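Enquirer: Shown below is the structure under consideration.
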Amino acid sequence: MIKVGLTESVALFFLIIIMGVFFLWFWGGRSKRGRRALRDDFQKTEITLRCPYCGNVFFNLKKMEIVQCPVCHNFVEED
Ligand SMILES: [Zn+2]
1 MIKVGLTESV ALFFLIIIMG VFFLWFWGGR SKRGRRALRD DFQKTEITLR
51 CPYCGNVFFN LKKMEIVQCP VCHNFVEED
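Everything in the sequence shown is counted per the numbering used here, starting at 1 for the first residue and increasing by one.
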């Protein structure tokens, strides 16, 4: 059996808590940044279009100059 004093056990307890908080902060921040980068990449992709009337984002796979929005059926011109 390992003998651990009160000071050591308290120090170890706080060390574990701090490491846990730091890990969660680091991990959460990284995944949030990843999601944002993924969303930006999606919006920057040339085959996606945002409908100015309803805000729907959809694919323009055939890269046509004028496409019809699948939600509100308005015609959207590619920039
Ligand atoms: Zn629309």
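For glycine and all other residues, C-beta sits at the position ideal for the given N, C-alpha and C.
The structure displayed is predicted, hence computed values, not measured ones.
#1: Compute the beta-carbon to beta-carbon distance between residue 60 and residue 78, rounded to the nearest angstrom, for a pair I have assumed lies under 8 Å.
#2: Can you tell me the Cα-Cα spacing of residue 85 and residue 24, whole angstroms?
#3: Which partner residues does residue 59 have in the DSSP bridge list?
#4: Based on Cα-Cα distance, which residue from 27, 17 and 56 lies nearest to residue 73?
#5: Taking 6 Å as the line, does the beta carbon of residue 60 fall inside it for any heavy atom of ligand 1?
Expert: Quick answer:
#1: Here the question's residue 60 lines up with position 60 in the sequence shown. Here the question's residue 78 lines up with position 78 in the sequence shown. The pair is a contact, with the Cβ atoms about 7 Å apart (cut-off 8 Å).
#2: An answer regarding residue 85 cannot be provided, because it is not within the stretch 1 to 79 covered by the chain.
#3: Taking the first residue of the sequence shown as position 1, residue 59 is located at position 59. Paired residues: 48.
#4: The residue given as residue 73 occupies position 73 in the sequence shown. Cα-wise, what sits closest to residue 73 is 56.
#5: For the purposes of this step, residue 60 is taken as residue 60 along the sequence shown, with counting starting at 1. Flag unset: Cβ of residue 60 not near ligand 1.
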